[in-house]
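**Q** Numbering (my numbering), first residue to last: 405 to 892.
Please see the structure below; I have some questions.
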């Protein structure tokens, strides 16, 4: 067989280099060329290689056509069992196209290139690699700079989900949280979540009109307003809460402390009108009315009520009776120093809930009698703590009533009950569960020492003030009823 080959200039260069190299090698082997001739041979080889690499576009394109030797053609046909079909030469060329064969002209295998077909004139087809334009250095830097400028306006906070943003807000105090809510509408909506406003302490602050209404509408459950100045109105007309009933829009307040708060009676009624879920309430030293007591009666789950030193309910015995009857779950009640008249006090004592465990009736100097104490014992036999201090009408009969009726009593306060004979105080030692006894103003120092010797189990005069139903006691100034409230 024979092959006809046509090559391009690059192929000729390779052939020349191979011939020179082979020739030199043969001459070197025959005549032992010296080192100078070897260096010249190497220099020529490098020159030829540099010419090849300087013209990378001149890729060798070798077109090879194959044919059979005419001498052996008949023998091959006989072996195959075929005979030759005589056709014209131009038809044979059309039936047998010549495929192009790529031959590399470098020392290393070429990288794969994308090729495209182009036609210089009709009937001619060639292949050439695609020319990929590589941007210059300044263009790439400019593109990178434009990409950075496009992403520079994207705030990383926007990529956070609402859950992660809510977790971040939970670590802020209420003042910083209020400022964050003014950043954008999304932060405002996330900041309104009820979990962020569960407990708030505004004690000692001065609130503008309607500020308290917007605050409690966010789902506040524990609110401390001790010694706070609250301006009327509590709810703005735009909120639409003034015309709603407690069934339509109940607030979620459960713990409310208004002790010594500078607030009007109408504002107190505005708040309590929409609070039917209250569990603990303190209105110490506040001005209230009979309407206030009726709103308190709506809180059927109320278990702690502090009305110490309140004014305005001295003569409304019907509202007092209604409140006591409705709040049948009360366990702690403090109505000390409320200046109630006798009908109102009788209405309160005769309607006390049987679930009561802590009761403070101190301050009724000329109203609380032995008969009233007997009624208390009959209504609340499970009392644990009782304070009847500053009741000058009580006699030793009250001690006999307490010893026989209150078997679970642990804390008893009889301070400044001057009509009780001190000799009868020793009889209180018969109460097995009594642990503390307050008798300030009755005994002198020697009498107190003798009483402690006679009743070693009982602690005498350990509490200066009563803690019944009070939200804050001792050094816990930032908590109400044992729940810590973060200060705003």
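Glycine included, each C-beta is placed from N, C-alpha and C at the ideal position.
#1: Which runs of the beta strand (DSSP E), 3 residues or longer, sit entirely within the stretch 780-823?
#2: If we count the other Cβ atoms within 10 Å of its Cβ and call it buried at 16 or more, is residue 873 buried or exposed?
#3: Which residues in the same chain have their Cβ closer than 7 angstroms to the Cβ of residue 843, if we skip the five residues on either side of it in sequence?
#4: Looking only at its chain, what residues have a beta carbon closer than 6 angstroms to the beta carbon of residue 887, apart from the 5 residues adjacent to it on each side?
#5: Between the stretch 689-697 and the stretch 710-718, do three or more beta carbon pairs fall short of 8 angstroms?
#6: Between residue 702 and the ligand GDP, is the CB less than 6 angstroms from at least one heavy atom?
#7: Are residue 807 and residue 834 close, meaning C-beta to C-beta below 7 angstroms?
#8: According to DSSP, is residue 884 helix, strand or coil?
#9: Out of 732, 757, 731 and 764, point me to the one whose CA is closest to residue 740's CA.
#10: From the DSSP output, in three-state form, read off residue 876 for me.
#11: For residue 721 and residue 749, what's the separation of their Cα atoms in angstroms?
#12: Report the residue from 686, 677 and 597 whose alpha carbon sits nearest the alpha carbon of residue 371.
#13: What distance in whole Å lies between the Cβ atoms of residue 705 and residue 683, which are believed to be in contact at a cut-off of 8 angstroms?
#14: May I have the straight-line CA-CA distance separating residue 791 from residue 870, to the nearest angstrom?
#15: Rounding to the nearest angstrom, what Cα-Cα distance links residue 801 and residue 769 in this structure?
#16: With DSSP collapsed to three states, give me the class of residue 754.
#17: Going by beta carbon distance, what residues of the same chain come within less than 6 angstroms of residue 542, once the five residues before and after it are set aside?
#18: To the nearest angstrom, how far is the alpha carbon of residue 632 from that of residue 859?
#19: Tell me the DSSP secondary structure of residue 621 in three-state form.
#20: Going residue by residue through the stretch 579-609, where are the continuous alpha helix (DSSP H) segments of at least 4 residues, counting only ones entirely within it?
#21: So what's residue 631 in DSSP terms, helix, strand or just coil?
#22: Mapping DSSP to helix, strand and coil, what is residue 572?
#23: Going by DSSP, name the residue or residues bridged to residue 864.
#24: Residue 769 by DSSP, collapsed to three states: which one?
#25: Alpha helix (DSSP H) containing residue 721: first to last residue?
#26: The alpha helix (DSSP H) with residue 697 in it runs from where to where?
#27: For a test of the three-state rule: what should DSSP assign to residue 890, helix, strand or coil?
#28: Locate the beta strand (DSSP E) running through residue 686, then write down its first and last residues.
#29: With three or more C-beta pairs closer than 8 angstroms as the rule, is the stretch 726-736 touching the stretch 773-785?
#30: DSSP three-state label for residue 704, please.
#31: By Cβ distance below 7 angstroms, which residues in the same chain neighbour residue 635 in space, the five residues on each side in sequence not counted?
#32: Quick one: Cα of residue 617 to Cα of residue 564, how far?
#33: Measure the alpha-carbon distance for residue 441 versus residue 450 and round it to whole angstroms.
#34: Rank 738, 701, 711 and 743 by C-alpha distance to the C-alpha of residue 725 and give the top, closest one.
#35: Would you mind sorting residue 659 into buried or exposed? The rule is 16 or more other CB atoms within 10 Å of its CB.
#36: To the nearest angstrom, how far is it from the Cα of residue 759 to the Cα of residue 680?
**A** Short version:
#1: Taking only runs of at least 3 residues, the beta strand (DSSP E) segments lying wholly in the stretch 780-823 are 789-791 and 815-817.
#2: Taking the first residue of the chain shown as 1, we reach residue 873 at position 469. By the 10 Å Cβ count, residue 873 comes out buried.
#3: Within the chain shown, the letter at position 439 stands for residue 843. Cβ neighbours of residue 843 beyond the five flanking positions: 818, 819, 829, 864 and 865.
#4: Locating residue 887 in the chain shown gives position 483, where the first residue counts as 1. These residues qualify, in order along the chain: 626.
#5: yes
#6: Absence of the ligand GDP is noted for the structure shown, with no ligands found whatsoever.
#7: By 1-based counting over the chain shown, the position of residue 807 is 403. By 1-based counting over the chain shown, the position of residue 834 is 430. The answer is yes: Cβ separation under 7 angstroms.
#8: The count along the chain shown starts at 1 and reaches residue 884 at position 480. Strand, per DSSP.
#9: Reading the chain shown from its first residue, position 336 is the one you call residue 740. Ranking 732, 757, 731 and 764 by CA distance to the CA of residue 740 puts 764 first.
#10: In the chain shown, the residue the question calls residue 876 occupies position 472. Residue 876: coil per DSSP, three-state reduction.
#11: Translated into positions along the chain shown, residue 721 becomes position 317. Translated into positions along the chain shown, residue 749 becomes position 345. Rounded to the nearest angstrom, the two C-alpha atoms are 8 angstroms apart.
#12: Past the edges of the chain, shown from 405 to 892, lies residue 371, and the structure says nothing about it.
#13: Taking the first residue of the chain shown as 1, we reach residue 683 at position 279. Taking the first residue of the chain shown as 1, we reach residue 705 at position 301. Indeed, because the Cβ distance is near 6 angstroms, the residues count as touching under 8 angstroms.
#14: Here residue 791 is taken as the residue at index 387 of the chain shown, counted from 1. Here residue 870 is taken as the residue at index 466 of the chain shown, counted from 1. Roughly 8 angstroms between the two C-alpha positions.
#15: Looking up residue 801 in the chain shown gives position 397. Looking up residue 769 in the chain shown gives position 365. In a straight line, the C-alpha of residue 801 is about 17 angstroms away from that of residue 769.
#16: As a first step, residue 754 is located in the chain shown; it is residue number 350 there, counting from the start. If DSSP states are grouped into helix, strand and coil, residue 754 belongs with the helices.
#17: Against the chain shown, residue 542 aligns to sequence position 138. At residue 542, the pLDDT of 43 sits below 50, so the modelled position is not reliable; the number obtained from the coordinates is stated separately. Excluding positions up to five away in sequence, the list is empty.
#18: Position 228 of the chain shown, counted from the start, is the residue given in the question as residue 632. Position 455 of the chain shown, counted from the start, is the residue given in the question as residue 859. Going by the C-alpha atoms only, they are around 44 angstroms apart.
#19: Residue 621 sits at position 217 when you count from the first residue of the chain shown. Note: residue 621 maps to coil in three-state DSSP.
#20: 589-595
#21: For this step, residue 631 is matched to residue 227 along the chain shown. Coil at residue 631, not helix or strand.
#22: Residue mapping note: residue 572 aligns to position 168 of the chain shown, counting from 1. It is helical.
#23: Counting from one through the chain shown, the residue named residue 864 turns up at place 460. Looking at the DSSP assignment, residue 864 forms a beta bridge with 841.
#24: On the chain shown, position 365 is the one that residue 769 refers to. Here residue 769 sits in coil by DSSP.
#25: Walking along the chain shown from the start, residue 721 turns up at place 317. Taken as a continuous stretch (DSSP letters only), the alpha helix (DSSP H) holding residue 721 covers 721-730.
#26: By 1-based counting over the chain shown, the position of residue 697 is 293. Residue 697 -> alpha helix (DSSP H) spans 694-701.
#27: Taking the first residue of the chain shown as 1, we reach residue 890 at position 486. If DSSP states are grouped into helix, strand and coil, residue 890 belongs with coil.
#28: For this step, residue 686 is matched to residue 282 along the chain shown. 684-686 is the span of the beta strand (DSSP E), which, as asked, contains residue 686.
#29: no
#30: What you label residue 704 is simply residue 300 of the chain shown in a count that begins at 1. Correct three-state label for residue 704: coil.
#31: Taking the chain shown and counting its residues from 1, one reaches residue 635 at position 231. So the list reads 611, 612 and 613, once near-sequence residues are dropped.
#32: On the chain shown, position 213 is the one that residue 617 refers to. On the chain shown, position 160 is the one that residue 564 refers to. Between residue 617 and residue 564, the C-alpha separation is close to 31 angstroms.
#33: Position 37 of the chain shown holds residue 441. Position 46 of the chain shown holds residue 450. Annotation: residue 441 to residue 450 spans about 14 angstroms, alpha carbon to alpha carbon.
#34: Translated into positions along the chain shown, residue 725 becomes position 321. Closest by alpha carbon: 701.
#35: Taking the first residue of the chain shown as 1, we reach residue 659 at position 255. Burial call: buried.
#36: Translated into the one-based positions of the chain shown, residue 759 becomes position 355. Translated into the one-based positions of the chain shown, residue 680 becomes position 276. Near 20 angstroms, if we compare the C-alpha coordinates of residue 680 and residue 759.
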